[in-house]
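Undergrad: Protein chains in written order, with the numbering used here: chain A, 241 to 546; chain B, 3 to 298.
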């Protein structure tokens with residue numbers, strides 16, 4: 241700092257430690273609770289010395305909550321969303337920034353209208369869409385009375401119904417959440433900062449558009465991609481409303497949703513130790529991703545603001 | 003758009019943007035149009051017939067005391083979540099910015115709650131605030147003499163979902179504030195110190211005003227978070243109860259549409275939410291034209 245303020249500095253560190261403890265408290269407390277047997281966890285107040293039941297509780301949570309399959313589903317969903325978003329938006333941003341075509345502005349505007357509109361505000365119609373992804377074609381078919389035409393051609397009555405449901409499927413869990421413009425927007429902003437000379441030079445050397453994309457643009461975007469991997473993985477893993485709606489089959493549920501069955505109801509024995517052990521297990525993967533990729537994550541998060 | 007050197011190809015740009023357009027049409031535009039249409043229709047419970055009824059759904063919505071109550075709850079809830087998480091996030095970030103030696107360690111120790119799902123934050127706080135077993139609930143009972151019971155009393159239930167939602171958002175705000183604080187030129191602070199301004203004066207007269215774009219952005223993001231992403235918190239902790247006391251707007255859309263199967267009513271609620279978020283986004287673009295530059 242600018243001047244020496246020993247008292248204020250000490251106070252700063254004390255308050256900082258208090259702040260960290262307050263922020264960390266719910267987790268620390270949950271970790272302790274997850275190590276205790278049920279007699280201790282239901283004692284008021286709960287003892288703060290960790291017990292030795294951690295593995296027992298973990299195992300109970302794993303079997304009762306069916307966590308194996310749920311964690312797998314969450315993993316598929318989170319990676320699918322991450323991968324899908326990044327690929328779709330890399331290509332989209334490349335097309336918008338590095339080509340000049342008639343419908344470019346239309347494409348740009350129509351994609352960016354979707355910026356910041358979360359799936360939560362359009363759940364019902366999106367659900368209907370996912371229940372039958374061919375619905376729009378069916379609607380078109382009905383409006384044009386193509387049934388009549390088909391019957392006339394075939395000479396007998398034909399009724400055609402187009403149906404393809406995405407409910408209880410990985411595609412259904414992933415695809416609607418890929419529809420977001422945030423990543424495209426970020427890549428566009430980033431591509432615009434890349435010096436024009438690079439593109440000129442590549443063209444002069446006879447590189448095609450895709451060669452330029454692969455050999456120059458992708459390597460330059462590495463940091464941005466890494467940041468988005470963290471953000472989108474956490475986003476995908478922590479989704480709640482959409483998986484809740486679209487999955488009814490317990491085998492397709494995601495881990496965060498599945499945890500609800502572990503929370504003890506009012507009349508049950510208070511197995512909070514098991515519920516918290518399960519919660520710790522489910523929150524671990526995104527936390528690890530954030531901690532190990534912290535540098536890129538912070539960069540990506542803050543860059544969203546620009 | 004900036005004029006740049008471009009590749010010339012007739013088909014390639016369309017192929018490249020095709021996936022984005024398909025996904026956007028299928029899961030954004032088509033549902034949005036459907037939602038708009040349903041919001042001005044009344045359909046029978048089996049979804050066979052629907053009649054066009056102009057704005058009756060919206061009139062019904064805004065004369066429904068339950069919906070008006072839900073709006074009030076949502077405003078109170080999101081304002082509290084934003085206030086609690088922003089003030090704590092800013093406070094901790096200011097402290098961390100003063101602590102010269104331990105910055106990296108402090109950041110690591112504060113960043114990870116960001117990765118905790120709102121629903122899981124709900125479980126953690128459900129335990130902490132449990133009327134019979136929760137340690138924080140015990141503290142509230144002992145020190146404040148309140149008969150804490152979120153299962154029965156609405157105000158306690160709201161307090162509970164505010165705590166669970168705000169806790170997770172502290173680390174998000176912290177990341178932005180620490181980046182904003184580090185971007186403030188040291189020379190400004192030094193000049194003020196030479197002029198004899200105390201650390202507190204320097205904070206309020208220099209740091210805080212320079213931080214205001216970050217503050218504005220974070221406020222908008224926090225309100226959006228409180229409006230929509232806290233669904234998991236409510237679903238895990240209270241399911242909108244007791245007696246609708248924690249029935250925030252996004253939870254009501256879900257309840258009316260998927261549990262009450264009132265398609266028209268739920269769609270018009272979605273349209274209201276959509277309008278709201280469009281207004282917030284436009285405001286944000288209008289007021290934050292030139293942002294402070296950060297490097298992380």
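Heads up, the beta-carbon is just placed ideally off N, CA and C, and yes, glycines get one too.
With 8 Å as the C-beta to C-beta threshold (strictly closer), list the residues of the region 118–143 of chain B near chain A in chain order.
TA: 118, 119, 120, 121, 122, 123, 125, 126, 127, 128, 129, 130, 132, 134, 135, 137 and 140
Undergrad: Can you pull out the residues from the region 413–436 of chain A whose beta carbon lies closer than 8 Å to at least one beta carbon of chain B?
TA: Those residues of the region 413–436 of chain A that come within reach of chain B (Cβ to Cβ, closer than 8 Å) are 415, 416, 418, 419, 421, 424, 432 and 436.
Undergrad: Run the CB neighbour count on residue 196 of chain B, radius 10 Å, all protein chains shown included, and call it buried at 16 or more, exposed below.
TA: exposed
Undergrad: Using 8 Å as the threshold, is the C-beta distance between residue 253 of chain B and residue 229 of chain B below it?
TA: no
Undergrad: Under 8 Å, with one C-beta from each stretch per pair, do the region 86–106 of chain B and the region 165–175 of chain B reach the 3-pair mark?
TA: yes
Undergrad: Provide the residue span of the alpha helix (DSSP H) that contains residue 167 of chain B, from first to last.
TA: 156–184
Undergrad: Starting from residue 54 of chain B, trace the beta strand (DSSP E) in both directions and tell me its first and last residue.
TA: DSSP places residue 54 of chain B inside the beta strand (DSSP E), whose first and last residues are 52–54.
Undergrad: Where in the region 198–273 of chain B do unbroken runs of the beta strand (DSSP E), each at least 3 residues long, occur, reported from the N-terminal end onward?
TA: none
Undergrad: Does residue 489 of chain A have its Cβ less than 8 Å from a Cβ in chain B?
TA: Cβ-Cβ to chain B under 8 Å: no for residue 489 of chain A.
Undergrad: Excluding five sequence neighbours on each side, which residues of the same chain lie with their C-beta closer than 8 Å to the C-beta of residue 278 of chain B?
TA: Excluding residues within five positions, the ones whose Cβ falls inside 8 Å are 229.
Undergrad: In chain order, what residues of the region 326–338 of chain A put their CB closer than 8 Å to some CB of chain B?
TA: The residues in question are 327, 328, 329, 331, 332, 334, 335, 336, 337 and 338.
Undergrad: Using C-beta distances below 6 Å, list every residue in its chain close to residue 116 of chain B, excluding the 5 sequence neighbours before and after it, in chain order.
TA: 173 and 174
Undergrad: Note the first and the last residue of the continuous beta strand (DSSP E) segment covering residue 45 of chain B.
TA: 43–45
Undergrad: Using the Cα positions of residue 69 of chain B and residue 340 of chain A, report the straight-line distance between them to the nearest angstrom.
TA: 48 Å
Undergrad: Between the region 349–377 of chain A and chain B, which residues of the former have CB atoms less than 9 Å from a CB of the latter, in chain order?
TA: 350, 351, 353, 354, 355, 356, 357, 358, 359, 360, 361, 362, 363, 364, 365, 366, 367, 368, 369, 370, 373, 375 and 376
Undergrad: Note down, in chain order, all residues in the region 300–324 of chain A with a beta-carbon under 7 Å from any beta-carbon belonging to chain B.
TA: Of all residues in the region 300–324 of chain A, none is placed with a Cβ closer than 7 Å to any Cβ belonging to chain B.
Undergrad: Output needed for residue 101 of chain B: all residues of its chain with C-beta closer than 7 Å, excluding positions within five of it in sequence on either side, in chain order.
TA: 108
Undergrad: Run the CB neighbour count on residue 284 of chain B, radius 10 Å, all protein chains shown included, and call it buried at 16 or more, exposed below.
TA: exposed
Undergrad: With which residues is residue 339 of chain A paired in a DSSP beta bridge?
TA: B:9
Undergrad: Kindly say whether residue 242 of chain B, judged by its beta-carbon, lies nearer than 8 Å to any beta-carbon of chain A.
TA: no
Undergrad: With a cut-off of 8 Å on the beta carbons, I'd call residue 165 of chain B and residue 260 of chain A a contact; round off their distance for me.
TA: Not really, about 18 Å apart at Cβ, beyond 8 Å.
Undergrad: How would you list, in chain order, the residues of chain A whose beta-carbon sits under 7 Å from the beta-carbon of residue 205 of chain B?
TA: Here the premise fails: no neighbours, minimum Cβ distance about 11 Å.
Undergrad: For residue 347 of chain A, which residues in chain B fall below 7 Å Cβ to Cβ?
TA: 19 and 23
Undergrad: Give the secondary structure of residue 384 of chain A by DSSP, where H, G and I count as helix, E and B as strand, and everything else as coil.
TA: coil
Undergrad: Going along chain A, which residues have a C-beta under 9 Å from residue 147 of chain B?
TA: Correct list: empty, because the minimum Cβ distance to chain A is about 17 Å.
Undergrad: Kindly confirm or deny that the region 509–520 of chain A and the region 295–310 of chain A touch, where touching means at least three C-beta pairs closer than 8 Å.
TA: A contact exists between the region 509–520 of chain A and the region 295–310 of chain A.
Undergrad: Do residue 256 of chain B and residue 497 of chain A come within 8 Å of each other at the CB atom, strictly closer than that value?
TA: no
Undergrad: Kindly indicate the opening and closing residues of the alpha helix (DSSP H) around residue 136 of chain B.
TA: That residue, residue 136 of chain B, is in no alpha helix (DSSP H); it is neither H nor E in DSSP.
Undergrad: Between residue 469 of chain A and residue 530 of chain A, is the Cβ-Cβ spacing less than 8 Å?
TA: no
Undergrad: Does the region 278–295 of chain A come within contact of the region 185–204 of chain B, defined as at least 3 CB pairs closer than 8 Å?
TA: no
Undergrad: State yes or no: is the C-beta of residue 205 of chain B within less than 8 Å of the C-beta of residue 485 of chain A?
TA: no
Undergrad: Helix, strand or coil for residue 295 of chain B per DSSP?
TA: Note on residue 295 of chain B: pLDDT 37, under 50, position unreliable in the model; no value is reported.
Undergrad: Output needed in chain order: residues of the region 274–288 of chain A with a Cβ under 7 Å from some Cβ in chain B.
TA: 282, 284, 285 and 286
Undergrad: Tell me the DSSP secondary structure of residue 517 of chain A in three-state form.
TA: helix
Undergrad: Mind checking the region 513–534 of chain A against chain B and listing, in chain order, the residues whose C-beta falls within less than 8 Å of any C-beta there?
TA: 515, 516, 519, 522, 523, 526, 527, 529, 530, 531 and 534
Undergrad: Between residue 382 of chain A and chain B, is any beta-carbon pair separated by less than 8 Å?
TA: no
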